[in-house]
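Q: Just add 806 to wherever you are in the sequence shown, counting from 1, and you've got the numbering used here.
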Amino acid sequence: MNRFESWLAATEVGVTVREFPQGTRTAVDAARAVGCDVGQIVKSLVFVAGGNPVVALVSGANRLDEHRLASVAGEPVVKADADTARAATGYAIGGVPPFGHATDVPVYMDRDLFGYGVVWAAAGRPDSVFEIQPERLRELCSAVVADIASPSDRPLRGGSACGQAR
Ligand code: 5CA
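1. Below 8 angstroms on the Cβ atoms is my guess for residue 932 versus residue 894; work out the distance and round it to an integer in Å.
2. Going along the chain, which residues of its own chain have a beta-carbon closer than 6 angstroms to the beta-carbon of residue 883, five neighbours each way excluded?
3. Do you know how far the Cα of residue 942 is from the Cα of residue 970?
4. Express the C-alpha separation of residue 832 and residue 972 in angstroms, rounding to a whole number.
5. Please list, in chain order, all residues of the same chain as residue 827 whose beta carbon is under 8 angstroms from its beta carbon, the five residues on each side excluded.
6. For residue 902 versus residue 947, is the C-beta distance shorter than 7 angstroms?
7. Please report how far the alpha carbon of residue 896 lies from the alpha carbon of residue 930, in whole angstroms.
8. With DSSP as the reference, label residue 911 as helix, strand or coil.
9. Look at the Cβ atom of residue 878, then the Cβ atom of residue 927, and state whether they are nearer than 7 angstroms.
10. Which of the three DSSP states, helix, strand or coil, is assigned to residue 869?
11. Please list, in chain order, all residues of the same chain as residue 951 whose beta carbon is under 7 angstroms from its beta carbon, the five residues on each side excluded.
12. Is residue 965 buried or exposed, if buried means 16 or more other CB atoms sit within 10 Å of its CB?
13. Would you tell me roughly how many angstroms separate the C-alpha atoms of residue 922 and residue 836, rounded to the nearest one?
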C-alpha cells in the first residue's frame with residue numbers, strides 16, 4: 807500500500823487505485839495504460855505562488871498558462887522544484903495526487919476537465935492512477951475552477967473559427 811492508499815484507507819473517499827506495470831509517469835503514459843483520451847488524464851502540477859506552494863490540476867491535453875494561474879492565484883507563480891513539490895505534497899513528481907497532500911495546498915482546476923465524464927489522476931506513484939468524476943474531484947480538492955490552460959491548446963467554443971476573442 808503506498809502512502810496515498812494509506813491516506814485513502816483512513817478516509818471515506820472511496821476511490822479505487824489501479825496499478826499499471828507499464829507506468830503512468832506522464833499524461834501520455836497514463837492515457838496509454840488506461841486506454842483513455844490524454845485529455846482525461848489529470849496532471850497535478852506544483853507551483854509556488856508568492857512563496858506558497860499551490861497545485862494546478864490540468865488536463866493532459868493542455869499546457870498550463872502560468873500567467874493565467876498567476877492571475878487566479880493573485881501572485882506571480884514559478885514552477886516548484888522537485889524538493890519543494892515533495893515537501894508540499896508528500897509525493898515525488900510523476901505521482902503527485904490531486905488531494906491527500908502533506909500540507910494544506912490550494913488547488914486550482916482546469917475547467918476543461920469538466921468536458922469529460924470521468925478523469926484519471928495520479929495515486930501517489932508513477933505507476934498508479936484512479937478514476938474519478940470531475941465534480942467529485944473538485945469537491946475533494948476544494949478546488950477553484952478556472953481557465954488556466956494555454957488558450958492555444960483549447961478548442962474554440964461557439965462563434966466563428968476566425969480567432970474571435972473568448
Ligand atoms: N502520473 C502522471 C499522470 S497522472 C503525472 O504525474 N503527470 S504530471 O504531469 O502531473 O507530472 C509530471 C509533471 O511534473 C511534468 O508535466 C512537469 O511539468 C513536472 N516536472 C517534471 N520534472 C520536474 C522537475 N524536475 N521540477 C519540477 N517539475 C517537474
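For every residue, glycine included, the Cβ atom is placed at its ideal position computed from N, Cα and C.
A: In this structure, then:
1. Under the criterion of beta carbons closer than 8 angstroms, residue 932 and residue 894 do not qualify as touching, at roughly 18 angstroms.
2. 853, 855, 872, 875, 876
3. Because residue 970 carries a pLDDT of 43, less than 50, the predicted location of this residue cannot be relied on, and no value is offered for it.
4. Note that residue 972 scores a pLDDT of 43, beneath 50, so its modelled location is shaky; the value from the coordinates is reported in the next line. Roughly 30 angstroms separates the two Cα atoms.
5. The answer, listed in chain order, is 933.
6. no
7. 9 angstroms
8. coil
9. no
10. coil
11. 915, 917, 944
12. Caution is warranted here: a pLDDT of 46 is assigned to residue 965, below 50, making its placement in the model unreliable, and no coordinate value can be reported.
13. Taking the straight line joining both Cα atoms gives about 16 angstroms.
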